[in-house]
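Protein chains in written order, with this note's numbering: chain A, 556 to 765; chain B, 556 to 765.
Reviewing the structure listed below.
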């Protein structure tokens, strides 16, 4: 079995599109979400992000990486101004609309991309009505990553709306029942099929499917 | 369509296992990797991590969240001591062994879990021979996240070994050809099926499959 090998010293000479595709693909399948925000002037913003990650369960915290020089900038400005935002899982039946939110619109992406805002009593930022897993967050911390000028936004989970039947008795989420999809690289979207759930790992005991 | 709703004020009263499962499932499908490290005394360590994310393509940087009080601690110690580590995508044919690395072993997880170390000329840390996408990283920065005591480790991509046929002409990775899988929550593993790749989004133009 042969391998293609690339070294850091090769990266600067690579075609820039080739390099972006290659490096963006390395982390594997990503946690892709639509991020909903609202501005001081009540404009509703929606943008697709794949650099989202679990940070801890107690307290319930999630992280997101934002690039300030991109179409992400409205999202960041709104989060800093209002202090609230939403993550919304993406389903196959609206993945093209979700992708399209990454275009540079001068109007609300909800209207431009034909997605419906949903407002709760608690969160001033809009959720996506079409999403079956909706997460409301409050800004806790902004960390400027000087190494490459990106920004890490840490939020606490304040509100969850998850369609009936997805949350199992033990609290785990059946994401396939929710229709949540994943992405890879800059532009590829994938649905999933469960291989198995495995029991808590202990030395000397083979993991069992649960 | 009905939704189950949870509020932050409910979290402290929840059963702790229910809460851990619920919150760990929120980020959706995750970038699961085996992280290979080596100690000062040449002990080879391998641990499964799902809090891994792309940080930027130029320079090529990846982030990882580590909990210092868990079985992750050897990984962190080794990275801090040696300055090098590896990410290795997980395939279905060894996902149970990969899961099993999360047990608290007093010996090398390579031996205990029957996975093979592979060493390159450049990187002192071991790769996983069974993996079809192997990433060599050099430590660039450690950021202590005081908000919950976790640690963000930022590394620069130094070396890539990707099995033939996975890297397309435009640099994008066909992760299904590599057999890379994804995970959700604390213990569920999933394979994927591509829905589509979409063209770069521009206002007023419908995204096309590419």
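Just so you know, even glycine gets a beta-carbon here, dropped at the ideal spot from N, CA and C.
Note that this is a predicted model, so its numbers are computed, not measured.
Consult DSSP for residue i and reduce its assignment to one of helix, strand or coil.
i: residue 595(A); result: coil
i: residue 765(A); result: coil
i: residue 602(A); result: strand
i: residue 728(A); result: strand
i: residue 674(B); result: coil
i: residue 584(A); result: coil
i: residue 748(B); result: strand
Below 8 Å on the Cβ atoms is my guess for residue i versus residue j; work out the distance and round it to an integer in Å.
i: residue 756(A); j: residue 657(B); result: 4 Å
i: residue 747(B); j: residue 584(A); result: 6 Å
i: residue 713(B); j: residue 602(A); result: Not a contact, Cβ separation roughly 31 Å.
i: residue 687(B); j: residue 718(B); result: 4 Å
i: residue 590(B); j: residue 630(B); result: 5 Å
i: residue 707(A); j: residue 715(A); result: So it is not a contact: roughly 22 Å between Cβ atoms.
i: residue 640(A); j: residue 592(A); result: 5 Å
i: residue 743(A); j: residue 752(B); result: 5 Å
i: residue 617(A); j: residue 692(A); result: 6 Å
i: residue 612(A); j: residue 711(A); result: Going by Cβ atoms, the distance from residue 612(A) to residue 711(A) rounds to 12 Å, so no, they are not a contact pair.
i: residue 727(B); j: residue 557(A); result: About 19 Å separates the two Cβ atoms, so there is no contact after all.
i: residue 654(A); j: residue 588(A); result: Contact flag wrong, Cβ pair sits at about 13 Å.
Using a Cβ-Cβ distance under 7 Å, would residue i count as near chain A?
i: residue 718(B); result: yes
i: residue 575(B); result: yes
i: residue 653(B); result: no
i: residue 725(B); result: yes
i: residue 641(B); result: no
i: residue 523(B); result: A question about residue 523(B) goes unanswered here, because the residues of chain B that appear run from 556 up to 765.
i: residue 697(B); result: no
i: residue 715(B); result: yes
i: residue 565(B); result: no
i: residue 674(B); result: no
i: residue 558(B); result: yes
i: residue 646(B); result: no
i: residue 735(B); result: yes
i: residue 671(B); result: no
Do we get a CB-CB distance below 7 Å when we pair residue i with the residues of chain B?
i: residue 562(A); result: yes
i: residue 728(A); result: yes
i: residue 539(A); result: The displayed coordinates of chain A run from 556 to 765. Any statement about residue 539(A) would go beyond what the structure contains.
i: residue 758(A); result: yes
i: residue 578(A); result: yes
i: residue 732(A); result: no
i: residue 749(A); result: yes
i: residue 690(A); result: yes
i: residue 763(A); result: no
i: residue 710(A); result: no
i: residue 649(A); result: no
i: residue 686(A); result: no
i: residue 621(A); result: no
i: residue 683(A); result: no
i: residue 743(A); result: yes
i: residue 660(A); result: yes
i: residue 753(A); result: yes
i: residue 663(A); result: no
Starting from residue i, trace the alpha helix (DSSP H) both ways and give me its first and last residue.
i: residue 613(A); result: Here residue 613(A) belongs to no alpha helix (DSSP H), and DSSP marks it neither H nor E.
i: residue 653(A); result: 650-655
i: residue 665(A); result: 664-667
i: residue 574(A); result: 571-580
i: residue 631(A); result: 628-637
Over the uninterrupted beta strand (DSSP E) stretch that includes residue i, give me the two end residues.
i: residue 700(A); result: 688-700
i: residue 561(B); result: 558-562
i: residue 741(B); result: Note, residue 741(B): premise wrong, no beta strand (DSSP E); not H, not E.
i: residue 715(A); result: 705-718
Would you mind telling me which residues of chain C sit closer than 7 Å to residue i, beta carbon to beta carbon, in chain order?
i: residue 703(A); result: Here chain C cannot be found, since the structure's protein chains are A and B.
Residues in the stretch 584-595 of chain A with C-beta within 8 Å of chain B's C-beta atoms, listed in sequence order?
-> From the stretch 584-595 of chain A, only 584, 585, 586, 587 and 588 have a Cβ closer than 8 Å to chain B.
Taking a cut of 7 Å between CB atoms, which residues from the stretch 625-639 of chain B lie near chain A?
-> Result list empty, no residue passes.
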